[in-house]
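Colleague:
Chains as they are written, first to last, in my numbering: chain A, 1 to 111; chain B, 1001 to 1114.
Written out as structure tokens, the structure is:
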């Protein structure tokens, strides 16, 4: 079965700093999703990557799927307190199979 | 713009009590899911449904039951609540099980069993 690992588990950064969160899969990824969770709220979809080498950006958040398609990174530029939360990566191993999720990375941004 | 709606947001139960977590979606999605989230453990699938009248177990189904009588609703029943069921519960839905089909999540239910 496919497993997703995330690093780091938690991260505390000063406002304005850049940071990167990684998601590593035990098998080839055919679609990798990034979600963000704020306290008391559900998971908000950030972006999805499908092709090796693909890169997507939304505001100050950029996600990449590496060429070998077993790792994805989420990069935040000039972090803000609004970026704080838990970031989870998720993937559906194959058609008809259920999603698997990484354990999450808890991000705190200090003003 | 309702999407996936869960109720209640918070609940405290005593050991042995029962309750139902409600989930409804207005996107006409066939697939619905219940997850629980424990600190540092990510999301674990409890039950899922591929359409009205069809449900199946996920990774951690013990102590829970579900039903799917309509496309919109997918309630999760806890019988004889135990402290191990203290967790945050999320309902989700998707249009299909294709690899590029994302999940839509509800806002979660924080449950404490004391």
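No residue lacks a Cβ here, since even glycine has one placed at the ideal position from N, Cα and C.
#1: For residue 40 (chain A), would you say it is in contact with chain B, using Cβ-to-Cβ distances shorter than 9 angstroms as the test?
#2: Look at the alpha carbon of residue 1003 (chain B) and the alpha carbon of residue 1025 (chain B), and state the distance between them as a whole number of angstroms.
#3: In terms of DSSP beta bridges, what is residue 1060 (chain B) paired with?
#4: In the DSSP output, which residue or residues are listed as bridge partners for residue 1065 (chain B)?
#5: Compare the Cα-Cα distances from residue 69 (chain A) to each of A:4, A:53, A:47, A:78 and report the closest residue.
#6: Say whether chain B places a C-beta atom closer than 9 angstroms to the C-beta of residue 94 (chain A).
#7: So what does residue 1114 (chain B) bridge to, in DSSP terms?
#8: For a quick check, are the C-beta atoms of residue 92 (chain A) and residue 35 (chain A) less than 9 angstroms apart?
#9: Could you give the distance in angstroms between the alpha-carbon of residue 17 (chain A) and the alpha-carbon of residue 86 (chain A)?
#10: If we call anything under 9 angstroms between Cβ atoms a contact, is residue 1006 (chain B) one with residue 1109 (chain B)?
#11: Quick one: residues in its chain with C-beta nearer than 6 angstroms to the C-beta of residue 101 (chain A), no 5 flanking neighbours on either side, listed in chain order?
#12: First and last residue of the beta strand (DSSP E) that includes residue 1017 (chain B)?
#13: Locate the beta strand (DSSP E) running through residue 48 (chain A), then write down its first and last residues.
#14: Any contact between the region 1093-1100 of chain B and the region 1037-1046 of chain B? By contact I mean 3 or more CB pairs, one from each, below 8 angstroms.
#15: Here's the rule I'm using: 16 or more other beta-carbon atoms within 10 Å means buried, otherwise exposed. How should residue 1010 (chain B) be labelled?
#16: Can you check DSSP and say which residues form a bridge with residue 1011 (chain B)?
#17: Closest Cβ-Cβ distance between residue 103 (chain A) and chain B: below 9 angstroms?
#18: Need the endpoints of the beta strand (DSSP E) that residue 1030 (chain B) sits in, please.
#19: Inspect the beta-carbon positions of residue 1095 (chain B) and residue 1071 (chain B) and report whether they are closer than 9 angstroms.
#20: Does residue 1092 (chain B) pass the burial test, meaning 16 or more other C-beta atoms within 10 Å, or should it be called exposed?
Modeller: Reading it off the structure:
#1: yes
#2: Residue 1003 (chain B) and residue 1025 (chain B) have their C-alpha atoms roughly 6 angstroms apart.
#3: Its beta-bridge partners do not exist; DSSP assigns none.
#4: Looking at the DSSP assignment, residue 1065 (chain B) forms a beta bridge with B:1077.
#5: A:53
#6: yes
#7: Answer by DSSP bridge pairing: none, since residue 1114 (chain B) is not bridged.
#8: Taking 9 angstroms as the cut-off, the Cβ atoms of residue 92 (chain A) and residue 35 (chain A) do not count as close.
#9: 17 angstroms
#10: yes
#11: 88, 90
#12: From DSSP, residue 1017 (chain B) is part of no beta strand (DSSP E); its letter is neither H nor E.
#13: 43-49
#14: no
#15: exposed
#16: B:1111
#17: The beta carbon of residue 103 (chain A) falls within 9 angstroms of a beta carbon belonging to chain B, placing the residue at that interface.
#18: Where residue 1030 (chain B) is concerned, there is no enclosing beta strand (DSSP E), given that its DSSP letter is neither H nor E.
#19: No, Cβ-Cβ distance for residue 1095 (chain B) and residue 1071 (chain B) is not below 9 angstroms.
#20: Residue 1092 (chain B) comes out buried.
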